[in-house]
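In my numbering, the protein residues as written are 8 to 387. Here's the structure, in structure tokens; my notes come after.
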Amino acid sequence: MARQTDRIDLASSAPGTNRHLLVHCYGKPGSGPKAYLQAALHADEWPGIMAVHHLLPLLDAADAKGLIKGEIVVVPYANPIGMDQRIGDHVPGRYAFDGSGNYNRNWADLVGGAAPRIKGRLIGDAAQDVETVRAAFREVVASQDARSEVAQLRKVLMGLSCDADYVLDLHCDGEATMHIYANDRHRDIATELCLDMDSPVLLIETTAGGGPFDEANSSPWWRLGDELDEAKDLPHACFATTVEFRGRQDVSDDFGAKDAAGLYSFLCRRGVIDDVVKPQRDETFTAFLHETDVMHAPKAGFVSYALEVGTQVKAGDLIATIIDPVAADPAEARTELRARTDGIFFARVDTRLAAPGVTIAKVAGKTPLAHRKEGALLEA
Ligand SMILES: [Zn+2]
């Protein structure tokens, strides 16, 4: 069955303007596992768009050979509103200019709406119960109000993803090695994804917190049991992940082709495509979020990094120096930031002028860190 490409118009936000999403669909709904991929939800994170650009021909070829056994839904750019939010020639991304906040936070919670819809309808047959729950999720999303253009965008994306077996949300960091976020309940699948994608770091959360898109899709499967006894044994039927495709400037055909090959391999591994699995590495470094050190700028100043991302570090190693040009004595201008755990220095900011409190570095470690908070992603 040939690829179907749909255009979904968003509500016009001002007279004379219109934006739309493209949605590419492969396979047949219900014929096998459903995978959903979207790129650049944060609008200023484009490596995932490049990966999708290189993935589509692979999917077209697989489709032509009849290898697609499930359903694949691809949104090549998930946030045309954010990509059009410009200040001069800069696309700041991340936050909606309409005041509704971070594009990847506070996604609608499906649990409250779904629980009454499935009450008394689960029969203890996993496959059938999963379908019952997915139908409820679709109803919940369809019933959502979407008054603004941003709300409509959210509703469309969640409507496409909420019944998927696999949700891959493609992001990037400032400057970083590839790293992947997933829930502890899906650690095995996430590890396989890391090997397929050549991701050296896997970050595991028990509760991500903040309502990111991936967790909004995956966590209802285990949180429904808090509302309904009969839902306690539901399978964790949606593996949802945030894939951080290195740094914001790592947009190239070479990276795109490599990342597309990784995504394709993962889709084969999970039986969505009947083709050969080709992992790109043998192992990955796995850390819980509370084992991942997040270093903040203690004051305003210029940032000089001592190390490149991807470097193995020991606690005490110098990561960066913040230089305060306001200090009268240059000798007193320098504040050193040192690793507080052994591990991998995997991400750093892509500006060199830091405001106080800005995240300067992330180091994935192997031991819990007392200063890290659970359920706040890597933001606290
Ligand atoms: Zn992002």
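The C-beta atom is built at its ideal place from N, Cα and C for all residues, glycine as well. Note that the structure is a prediction, hence the values are computed from the model and not measured.
As DSSP reads the structure, Leu325 sits in a beta bridge with Arg345. In the DSSP assignment, Cys179 is bridged to no other residue.
Judged by DSSP secondary structure, Ala189 falls within the beta strand (DSSP E) whose first and last residues are His186 to Asn190.
In the displayed model, Glu298 falls within a helix according to three-state DSSP.
Annotation for Ala121: Val140, Ala143, Phe144, Val147, Pro227 and Leu231 place their beta carbon closer than 7 Å to its own, counting only its chain and skipping 5 residues before and after. A distance below 8 Å between beta-carbons, with the five flanking residues on each side excluded, links Gly317 to the following residues of its chain, in chain order: Thr184, Pro207, Ile351, Phe352 and Phe353. The beta carbons of Pro375 and Glu298 sit about 6 Å from each other, so the pair counts as a contact at 8 Å. Shortest gap from the CB of Glu52 to any heavy atom of ligand 1: under 8 Å. Taking the Cα of Val80 as reference, the smallest distance to any Cα among Met57, Asp176 and Gly119 is reached at Asp176.
Membership of Gln135 in the alpha helix (DSSP H) is indicated by the continuous run Ala133 to Ala149. Of the candidates Pro99, Thr348 and Ser225, Pro99 places its Cα closest to the Cα of Thr358. In the structure shown, Asn25 falls within a coil segment according to DSSP collapsed to helix, strand and coil. In this structure Arg194 is exposed. Its beta-carbon is surrounded by fewer than 16 other beta-carbon atoms within 10 angstroms. Closer than 8 Å to some heavy atom of ligand 1: that does not describe the Cβ of Arg161.
Scanning Asp96, Ile326 and Ala18 for the CA closest to the CA of Ser311 turns up Ile326. In the three-state DSSP reduction, Arg161 falls in the helix class (H, G or I). Below 8 Å, enough C-beta pairs join the stretch 55-69 and the stretch 262-276 to call them touching: three or more.
Around Ala340, the same chain offers Ile330, Asp331 and Ala334 as residues with beta carbons nearer than 6 Å, after the five sequence neighbours per side are excluded. Within the model, the alpha-carbon separation for Pro87 versus Val174 is close to 20 Å. Burial check for Ile94: the Cβ neighbour count within 10 Å stays below 16, so the residue is exposed.
In this structure, the C-beta of Cys245 stays at least 8 Å away from each heavy atom of ligand 1. Taking C-alpha positions only, Ala223 is separated from Ala338 by approximately 49 Å. Per DSSP, reduced to three states, the secondary structure at Arg194 is helical. Pro40 counts as buried, since at least 16 other C-beta atoms from the protein chains shown sit within 10 angstroms of its C-beta. Closer than 8 Å to some heavy atom of ligand 1: that describes the Cβ of Leu48. Judged by DSSP secondary structure, Ala304 falls outside any alpha helix (DSSP H); it is assigned neither H nor E. Sequence-distant Cβ neighbours of Asp67 in its own chain, meaning closer than 7 Å and more than five residues away, are Arg10. Here DSSP, grouped into helix, strand and coil, assigns His61 to helix. Not one heavy atom of ligand 1 is found less than 8 Å from the C-beta of Asn224.
Its Cα nearest to that of Pro123, the residue Leu235 stands out among Val82, Leu235 and Ile187.
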